[in-house]
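Engineer: The structure under discussion is supplied below as structure tokens; questions concerning it will follow.
Protein chains: 2
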Amino acid sequence: MVVDEWSEAEADRVFQALADVTRRDILARVIRQRQSVSALARHYPMSFAAVQKHVAVLERAALVTKERHGREQLVHANVTTLHRAARLLEAYEQLWRHRARGIEEILAEDQEEE
Amino acid sequence: MVVDEWSEAEADRVFQALADVTRRDILARVIRQRQSVSALARHYPMSFAAVQKHVAVLERAALVTKERHGREQLVHANVTTLHRAARLLEAYEQLWRHRARGIEEILAEDQEEE
DNA sequence: CTCATCTACAACCATTTGGTTGTACGTTAG
DNA sequence: CTAACGTACAACCAAATGGTTGTAGATGAG
């Protein structure tokens, strides 16, 4: 029952990464502007190491990328992955629109849309 | 750094629920057609109780709802929640488009869109 | 009525997760 | 050069996750 071109493990990692307030907040911050890990860490009531781990989770999900700049590690967002996640959800919504209908009706609607 | 009208805990639960292949597959199945828990369970190489737990996770996330029908419990999708999740991701994408720009430019673009 | 089916839920287990502290190492500021 | 900063990573811990088996209660079929 495949809905997307993603591997299941990739989707797992992306949604897992998004399933935490701190990580979504980090993502929102670096989308607006790339920041060093320690700059990010200053905003949260937890240790630097904890934030470092959150960034690592986002990185494994390919939602962010780190780029060395001097002694700092700049974290920047990977909007492509975010977009693909959004499109995956939309694909599920599409399943809904096409639910319980014959192939003729779906083809008919597809023509209308052109 | 709020991006949506959702409570953080709600978003946590939704993405957490989506972060598992089996659960995404269950969701896809019940989007197409409502099914009983045991009917769902037949498709997966795990115990009935395990599938039951997966459905419970989807239910806590408000992605599905159970409806008693005789001795069966019919699971059906809650597309509204799915849609809200998609819109949340789009909101993050929107942050990207509006990144690093002055308030004047954003207002100008908003007017264009009307 | 009786039996098979569907569901609920508890107890248990291994692994992962989200946090901590501590240590070590490269880099830049002064 | 030296001290401070930014990062990396290991070890540890409590709690959550994803699975199991087992027991028990409703409900429908025959």
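Top line first, the protein sequences correspond to chains A and H. Counting in our numbering, the final residue of the first sequence is number 114, and the numbers go up one at a time with none missing. Counting in our numbering, the final residue of the second sequence is number 228, and the numbers go up one at a time with none missing. C-beta atoms are modelled at their ideal positions from N, C-alpha and C, and glycine is treated no differently. These numbers come from a predicted model, not from an experiment.
Got a sec, what are the start and stop residues for the alpha helix (DSSP H) Leu63 of chain A sits in?
Structural biologist: Counting from 1 along the first sequence, the entry for residue 63 of chain A is found at position 63. Unbroken run through Leu63 of chain A: none, as it is neither H nor E.
Engineer: Excluding five sequence neighbours on each side, which residues of the same chain lie with their C-beta closer than 6 Å to the C-beta of Glu8 of chain A?
Structural biologist: Counting from 1 along the first sequence, the entry for residue 8 of chain A is found at position 8. Once the five neighbours on either side are set aside, Glu8 of chain A has no close Cβ partner at all.
Engineer: Specify, as a first and last residue, the run of the beta strand (DSSP E) that Gln94 of chain A falls within.
Structural biologist: Taking the first sequence and counting its residues from 1, one reaches residue 94 of chain A at position 94. Unbroken run through Gln94 of chain A is the alpha helix (DSSP H), 79-97; no beta strand (DSSP E).
Engineer: Taking the alpha-carbon positions, what's the Lys66 of chain A to Val75 of chain A distance?
Structural biologist: Counting from 1 along the first sequence, the entry for residue 66 of chain A is found at position 66. Counting from 1 along the first sequence, the entry for residue 75 of chain A is found at position 75. Spanning the two alpha carbons is a distance of roughly 5 Å.
Engineer: Would you report the Cα separation of Glu113 of chain A and Leu141 of chain H, rounded to the nearest angstrom?
Structural biologist: Indexing the first sequence from 1 puts residue 113 of chain A at position 113. Indexing the second sequence from 1 puts residue 141 of chain H at position 27. Only weak support exists for where Glu113 of chain A lies, its pLDDT of 48 falling under 50; the value from the coordinates is given anyway. Distance between the alpha carbons of Glu113 of chain A and Leu141 of chain H: 26 Å.
Engineer: Please report whether the beta-carbon of Trp6 of chain A lies at a distance below 8 Å from any beta-carbon of chain H.
Structural biologist: For this step, residue 6 of chain A is matched to residue 6 along the first sequence. No - not a single Cβ of chain H is within 8 Å of the one on Trp6 of chain A.
Engineer: Closest Cβ-Cβ distance between Ala19 of chain A and chain H: below 8 Å?
Structural biologist: Start at 1 with the first residue of the first sequence, and residue 19 of chain A comes out as number 19. Chain H contact via Cβ: present.
Engineer: Count the other C-beta atoms from every protein chain shown that fall within 10 angstroms of the C-beta of Arg71 of chain A, then say buried if there are 16 or more, exposed otherwise.
Structural biologist: Counting from one through the first sequence, the residue named residue 71 of chain A turns up at place 71. Exposed, by the Cβ-count rule.
Engineer: For Ile31 of chain A, collect the residues of the same chain with a Cβ closer than 6 Å to its Cβ; drop the 5 residues on either side in sequence, then sort them by chain order.
Structural biologist: By 1-based counting over the first sequence, the position of residue 31 of chain A is 31. The answer, listed in chain order, is Ala77.
Engineer: If we cut at 8 Å on Cβ distances, does Ala164 of chain H have a partner in chain A?
Structural biologist: Walking along the second sequence from the start, residue 164 of chain H turns up at place 50. With 8 Å as the cut-off, Ala164 of chain H does not count as an interface residue toward chain A.
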